[in-house]
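> Counted the way this note's numbering counts, the sequence shown spans residues -1 to 265. For each residue, glycine too, the CB sits at the ideal point set by N, CA and C. Keep in mind it's a predicted model, so treat the numbers as computed, not measured. Handing you this structure, nothing more for now.
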Amino acid sequence: MSSTAYNSPVDIATTLQTTLWHLPLKSSTSEFATSAPTFITIHHLRLDTARKFPGLLDSLYKEFTSDVASGRSLFDTQTASHDMFEAYFFAESLFLGIAHNSIVFHWQGDERSVEGMLMGVAAVSVEDARASRPWEECLAGFYSVRPNFPGRSSHIAGAAIIISTKHRQQGIGHVLARSMLYYAPRLGYSAGLANLVFANNPASIRLWESLHCTKIARIPRVGRFSRADGQGDEYVDGFMFYKEFSESRKDSPWASMSKRALTKASL
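Take a look at the structure:
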């Protein structure tokens, strides 16, 4: 029996390139609000880099506490301290989404399609993407990517997604989830697992199903929530979703999208 130490395949040093994502077309019949932004840039941050942007960590923490207060979060009902928040969300990688109402940046090289959404690499810094706007205005959302299990199972990714209060119900979750499918394999992960998606969150269930994630388990009465009428608590079931990243690996054959496709989508 070999005593060789296990080396995780996950890259904890490299900072990945920024990407630009084109949201679904806005229309009066769309499931997304017509006030939704048109483009989202996704920026890969480590904690030391995030600390360089005044007010960013405070804004992220504020959105986190708002998510907890919504009563539908997986996180503990007792809000974590600022330090605990940083330790959790920056344990490995945090991806920051910044909203744009027009295409002010351009893709480098070929565009790609990730689960039906146009995206591409963009050479744009966090400050340029922010464009002097308050964080509360431009922050679309963020998520962490970290090993879902330790040691020999650390190649399975877990993600915690937070959508900012200003941009909820605008399709931002679709962008953040797809970008996670793009970035996680580039960090070395081979699959992703959503540990618990509560049955009283149908939008999240539809999202993971639309991304062809496999519903691998249903856990009865795993979520405890306060009843709407204030009469005690109620329990809801939770689902686990799993997805292999074989189709999202950096060496997989991506389908290139033409410039004409982007122009048509932007009309």
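Going by other Cβ atoms of all chains shown within 10 Å of its Cβ, with 16 needed for buried, is residue 167 buried or exposed?
exposed
> Helix or strand or just coil, what does DSSP make of residue 212?
strand
> Taking only three categories from DSSP, how would you classify residue 50?
In the structure shown, the three-state DSSP call for residue 50 is coil.
> Pull the bridge partners of residue 159 from the DSSP assignment, please.
141
> According to DSSP, simplified to helix, strand and coil, what is residue 153?
coil
> Can you name, in chain order, every residue of its own chain whose Cβ lies under 6 Å from the Cβ of residue 211, other than the five neighbours on each side?
239, 241
> Mind checking which residues open and close the alpha helix (DSSP H) that includes residue 180?
170 to 184
> Between which two residues does the alpha helix (DSSP H) holding residue 84 run?
80 to 87
> Kindly indicate which residue of 119, 64, 94 has the alpha-carbon position closest to the one of residue 105.
119
> Tell me where the beta strand (DSSP E) around residue 234 begins and ends.
231 to 242
> Note the first and the last residue of the continuous beta strand (DSSP E) segment covering residue 109.
Segment 109 to 112, the beta strand (DSSP E) holding residue 109.
> Taking contact to mean at least 3 C-beta pairs separated by less than 8 Å, is the segment 120 to 128 in contact with the segment 156 to 166?
no
> Could you say if the segment 39 to 46 and the segment 88 to 95 meet the contact criterion of at least three C-beta pairs nearer than 8 Å?
yes
> Distance check for residue 36 and residue 25, CA to CA, integer angstroms please.
Any reading at residue 25 needs caution, since the residue's pLDDT is 44, under 50, leaving its predicted position unreliable; the model's value is listed next. Distance between the alpha carbons of residue 25 and residue 36 is about 12 Å.
> What residues match up with residue 97 in a beta bridge as DSSP calls it?
As a beta-bridge residue in DSSP terms, residue 97 pairs with 38.
> For the pair the segment 178 to 186 and the segment 5 to 13, tell me if three or more CB-CB distances fall below 8 Å.
yes
> So residue 57 and residue 174 are supposed to be a Cβ contact under 8 Å. How far apart are they, rounded?
Incorrect: roughly 16 Å between the Cβ atoms, too far for contact.
> Does residue 14 come out as helix, strand or coil in the three-state DSSP assignment?
coil
> Cβ atoms of residue 198 and residue 223: under 8 Å apart, would you say?
yes
> Using 8 Å as the threshold, is the C-beta distance between residue 84 and residue 55 below it?
yes
> Can you determine whether any heavy atom of the ligand GDP sits closer than 7 Å to the C-beta of residue 127, and answer yes or no?
This structure simply doesn't include the ligand GDP, nor any ligand for that matter.
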